[in-house]
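Below is one structure, written out as structure tokens; comments come after it.
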């Protein structure tokens, strides 16, 4: 009888080209680039005189420093000098013959939002991008991970990467998420409980009834934060929910290949007796709406609990907080909804449901930036943009926007900002800016209350 | 730098990535901590690398999960350009750790208690021998693990792309066989 394999074992084995004592040469099926770290990979490839082995399987998408103004021009950046990243990446992508989704393309958006929308990311594929949140795409049953620019160059030239097999972890989530508690709350809870290094550089498989019950967008959010847990990547086994959504996407298998593809994908699951290096069992029923209070995603806790007595003093000093302070008593100056974590249609719907008929509190700058043009169009077709604007939110053009500061316009130093993003690092959203990570619903409720607040309990 | 989770946004803030290239980054290394303000680039004397006994160091001793966060290789390029040749920590961010040996920096993992002991000896002399995988300080020696490929990158200055291209025939054979099995992924 063959040895029981994990989903990861199967994905890895499918891609092994060769092996030696130092590791495996792994075939790469899709390479994604963006202008911030992909342009430099194309540049060094050109300078070394190399060519891209399979240009049709490389996608360059503009997202990181593009302007989020709705009337932006083709080269407009939100960062000083950012136009050079856009124009040089465009020129090099065109020169290399790779697929380019430019700033003015109807498909443009954040690379990790666009890849599932277009069927660039599919079950069973190996996908790399010089961007740490590439792990999001594991939600589609793909082996997807973030790399450096040098590795992106290596992958483009050779169609492979030299890899050492990572350890494996399974996180089984049982119970049920309470009403108003989201995948974002769940994953912040996980990181708070086991620490920002808790993933131990493992390939993590998320499974269990709670994960199976999640829609694909929630699974993308869950896998997105795996890198903040120090995982190599995260994966979720493909199921009917996923397949139904993939059929007909532009880069998904066509009708002629569909049956063969789904047949192959049906093997992508962990065998009953397969072993993992680490196992975690989480009960989702205990998870409360969760908000970060410090400068690492591990500094997070239930919205209604005081900041712990042993909270990291350096983080608390940066955040202007002390042990025992209550999150729900903190006034905010900013609110941001968007990013590869929570910038999809379901995120915008959840926020709009709370904002409808309400106004953002005075003194709060509130911004919503859809994750892609497709998300923007779908939201506008439902009138969601009007809900945001009527509430006093700015409605932006797709891109990474205020998830990270790259120079240019931002919140004021010392401003307290509640954000649906992934990193609350010192200075992440601007020098001195104090970021609190939360779900889109919590961000919306807080924007209305003018202080950190729980959806459905605006005054608590 | 013994605090945990020093992320790549601290090592090189995105605002310091000013050109599409690998150079000109040392000035932005730890910019948020190293300078008094974002506009006044006077060195902040409280920051460790600005202190005379630590200036010119080629080894960093750091807390857990050093280099977590963004994949930006600019963090490693900035450290290398500044003169850092090795970082000793209990653990590293995975992407950062992979980027280091490609750029002449040895990411050295020691047990947390050993890193704490080393940090307590500073300022002082620490030396690292890659072939024997040993860190030495005073009369103490610590052996560390380093994967074979990373070791070759660091010691032989191997060009990984040139090395992999020697396997071009194997790669082509893999792709031909895979295209039979999974034709849908070979888009044109």
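Residue numbers (our numbering), protein chains in the order written: chain A, 1 to 460; chain B, 1001 to 1188.
Don't be surprised by glycine CBs; every beta carbon is placed ideally from N, CA and C.
These figures come from a predicted structure and were not determined experimentally.
Backbone CA spacing between residue 207/A and residue 81/A [nearest angstrom]: 43 Å
Determine which residues of the region 239-251 of chain A have a Cβ less than 8 Å from any Cβ of chain B, and write them out in chain order. 251
Under 8 Å between the Cβ atoms of residue 494/A and residue 60/A? What is shown of chain A runs 1 to 460, which leaves residue 494/A out entirely.
Along the alpha helix (DSSP H) that carries residue 1074/B, what are the first and last residues, could you check? 1074-1082
Could you have a look at residue 1109/B and say whether DSSP puts it in helix, strand or coil? strand
Does the Cβ-Cβ distance between residue 297/A and residue 246/A come in under 8 Å? no
Quick check: the region 411-420 of chain A against the region 271-285 of chain A, are at least 3 beta-carbon pairs closer than 8 Å? no
is_contact[residue 1144/B, chain A] using C-beta, thresh 8 Å: no
As assigned by DSSP and simplified to three states, the class of residue 331/A: strand
Got a sec, what are the start and stop residues for the beta strand (DSSP E) residue 134/A sits in? Run containing residue 134/A: none; DSSP gives neither H nor E here.
Below 8 Å CB to CB, which residues in the same chain sit around residue 273/A once its five sequence neighbours on both sides are set aside? 4
Using a Cβ-Cβ cut-off of 8 Å (strictly less than) and excluding sequence neighbours within five positions of residue 1127/B, which residues of its own chain qualify? 1135, 1136 and 1137
Determine the direct distance from the alpha carbon of residue 228/A to that of residue 353/A, and round the result to whole angstroms. 28 Å
When you compare only the Cα positions, how much space is there between residue 452/A and residue 1117/B? 41 Å
Going along the region 247-280 of chain A in order, which residues come within less than 7 Å of chain B, judged by CB to CB distance? 251, 253, 257, 261 and 264
Spatial distance of residue 103/A from residue 282/A (CA atoms): 41 Å
Suppose you measure from the CA of residue 6/A to the CA of residue 1066/B; what does that come to, to the nearest Å? 29 Å
Any C-beta of chain B sitting closer than 8 Å to the C-beta of residue 220/A? no
Inside the region 220-279 of chain A only - beta strand (DSSP E) runs reaching at least 3 residues: 233-235
Using a cut-off of 9 Å between C-beta atoms, extract the partners of residue 305/A located in chain B. Residues of chain B passing the Cβ test: none, with the nearest at roughly 21 Å.
Can you tell me which of 375/A, 315/A and 284/A puts its alpha carbon nearest to the alpha carbon of residue 293/A? 315/A
For residue 379/A, which residues of its own chain have a beta-carbon under 7 Å away from its beta-carbon, when the five flanking residues on both sides are left out? 345, 348, 370 and 385
So residue 196/A and residue 149/A are in contact, right, with Cβ under 8 Å, and what is the actual spacing, rounded? Actually they do not touch by this definition, with Cβ atoms about 24 Å apart.
Residue-level contact to chain B via CB, residue 147/A, 8 Å cutoff: yes
So what does residue 27/A bridge to, in DSSP terms? 160/A
So, helix, strand or coil for residue 1129/B, using DSSP? strand
Would you mind giving the Cβ-Cβ distance between residue 1084/B and residue 1058/B, rounded to the nearest angstrom? I have them listed as a contact below 8 Å. 6 Å
Beta-carbon of residue 1041/B versus every beta-carbon of chain A: anything under 8 Å? no
If we call anything under 8 Å between Cβ atoms a contact, is residue 361/A one with residue 449/A? yes
Could you have a look at residue 104/A and say whether DSSP puts it in helix, strand or coil? coil
Taking DSSP's pairing of strands, which residues face residue 207/A in a bridge? 172/A
In whole angstroms, what is the alpha-carbon distance linking residue 95/A and residue 37/A? 17 Å
Counting only the same chain and skipping the five closest in sequence on each side, list residues whose C-beta sits under 7 Å from that of residue 445/A. 354, 453, 454, 455 and 458
Listed in chain order, which residues of the region 1050-1072 of chain B have Cβ atoms closer than 8 Å to some Cβ of chain A? 1064, 1065, 1068, 1069, 1070, 1071 and 1072
Supposed close pair residue 251/A, residue 120/A - CB separation, criterion 8 Å: 5 Å
What does residue 1192/B touch in chain A if you count any residue whose Cβ is under 9 Å from its own? This structure gives no information on residue 1192/B, because the portion of chain B shown stretches from 1001 to 1188.
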